[in-house]
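Quick notes on the structure that follows.
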Amino acid sequence: PFIVVSGHDLHDMKLLLEQTKDKGVNIYTHSEMLPAHGYPKLKAYPQLKGNFGTGWQNQQSEFHNIPAPILFTTNCIMPVRQSYCDRVFTTSIVSYPELVHIGDDKDFTPVIEKAIECGGYDEDKEMTGMNGGHTVTTGFAHNAVLSNAEKIISLVKEGRIKHFFLIGGCDGASPSRSYYSDFARLTPPDSLILTLACGKYRINDMDLGTIDGIPRILDCGQCNDAYSAIKIAIALAEAFDCGVNDLPLTLVLSWYEQKAVCILLTLLSLGIKNIYLGPTLPAFVSKGVLDVLVDKFQLTPISTPEEDIKKILG
1 PFIVVSGHDL HDMKLLLEQT KDKGVNIYTH SEMLPAHGYP KLKAYPQLKG NFGTGWQNQQ
61 SEFHNIPAPI LFTTNCIMPV RQSYCDRVFT TSIVSYPELV HIGDDKDFTP VIEKAIECGG
121 YDEDKEMTGM NGGHTVTTGF AHNAVLSNAE KIISLVKEGR IKHFFLIGGC DGASPSRSYY
181 SDFARLTPPD SLILTLACGK YRINDMDLGT IDGIPRILDC GQCNDAYSAI KIAIALAEAF
241 DCGVNDLPLT LVLSWYEQKA VCILLTLLSL GIKNIYLGPT LPAFVSKGVL DVLVDKFQLT
301 PISTPEEDIK KILG
């Protein structure tokens, strides 16, 4: 028996882990909850087993006939299909008509009982990420990455790391979002990729190898963990005695919803330039606004992965 937990609320995850102690019920993260695996105090619970599924936009197909309940905490819930509607629970700010909502008492007993009733899969079930991979890795927020700063700086000086990419942001179902998977595949083997937010599922199951033991894909976390990516960039700039915009660093961001606009504006307010943004521009970006962003911040709408890689790397 198992429970799938989606959303960003790590405290809800901790409470559920406490309440499932010795119950014979395993816990799997989904979508935005993946970074829970990067926290030692959460990993200490043996029933936290792994990650189920991919990005939020695939929940209707991934939850179809799943023999387990799904708990939504603070994230997007899509219209619930009949094939799993009797097994969906909500809490916090998430709710949906006719679904059981866990209130402020955070008593997850109904979720746990449903998991035991459903029983889980009868046999091992193999699942993959969007690119067919079987493993995803998380936990590379700024403390983890900067604990290896000396090694990373040394690899840069030796010419073994020549460029950093930040590929991430929101995700959605549009076919044009395959741009980000294709872009990651085209990045050279002497580059590191930082990723964050739901857009990570476009690339996080790829095996792009390592550079002297450092994985080429480093998952910093979720949307709110953009802070970590900024901290890493600033630390690198300080190490090389230059500005962030002078680093061999390119931000390739996918846009979808309003919170991402806040993050974009934060980056711009910090003076970050040369951001590639797509697959479509935010609705508020009129031609006049775009002209200002291009002129003052060199914001660049994405084109094709091949053309953009060539432009970035020369």
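By our numbering, the letter at position 57 of the sequence shown is numbered 57, and the numbering carries on one by one without gaps. C-beta: ideal position from N, C-alpha, C; glycine also.
- If Cys223 sits next to Ile263, beta carbons under 8 Å apart, how far is it from one beta carbon to the other, in whole angstroms? 6 Å
Where does Asp219 sit, in a helix, a strand or coil, going by DSSP? Residue state, collapsed to three classes: strand.
Suppose contacts are defined by Cβ-Cβ distances below 8 Å. Is Cys170 in contact with Tyr96 by that definition? no
**Study point:** Through-space distance from Phe2 to Leu17, alpha-carbon basis
**Key:** 12 Å
May I ask which residues mark the beginning and end of the alpha helix (DSSP H) holding Val5?
DSSP places Val5 in no alpha helix (DSSP H) but in the uninterrupted beta strand (DSSP E) bounded by 2-6.
Practice task
Would you check if the distance between the CB atom of Pro305 and the CB atom of Asp182 is smaller than 8 Å?
Solution key: yes
Q.
Quick test of your reading: Cys220 and Ala229, contact by CB under 8 Å. State the CB separation rounded to the nearest angstrom.
A. Confirmed, about 5 Å.
Q) When you compare only the Cα positions, how much space is there between Pro69 and Glu238? A) C-alpha separation (whole angstroms): 47 Å.
- Endpoints, alpha helix (DSSP H) assigned at Asn65: Here Asn65 belongs to no alpha helix (DSSP H), and DSSP marks it neither H nor E.
Fill in: Rounded straight-line distance, which links the Cα of Glu117 to that of Ile211
46 Å
Close Cβ partners of Lys43 (< 7 Å) along its chain, the five nearest in sequence each way excluded
His37
Determine the DSSP secondary structure at Phe183, reduced to helix, strand or coil. Phe183 falls in the helix class under three-state DSSP.
Q.
Is the separation between the beta-carbon of Val252 and that of Tyr276 shorter than 8 Å?
A. The answer is yes: Cβ separation under 8 Å.
Subject >> Alpha-carbon to alpha-carbon, Leu166 and Lys14 >> reply: 29 Å
field: Option nearest Leu249 by Cα separation, candidates Ile309, Thr74, Pro35, Asn51
entry: Ile309
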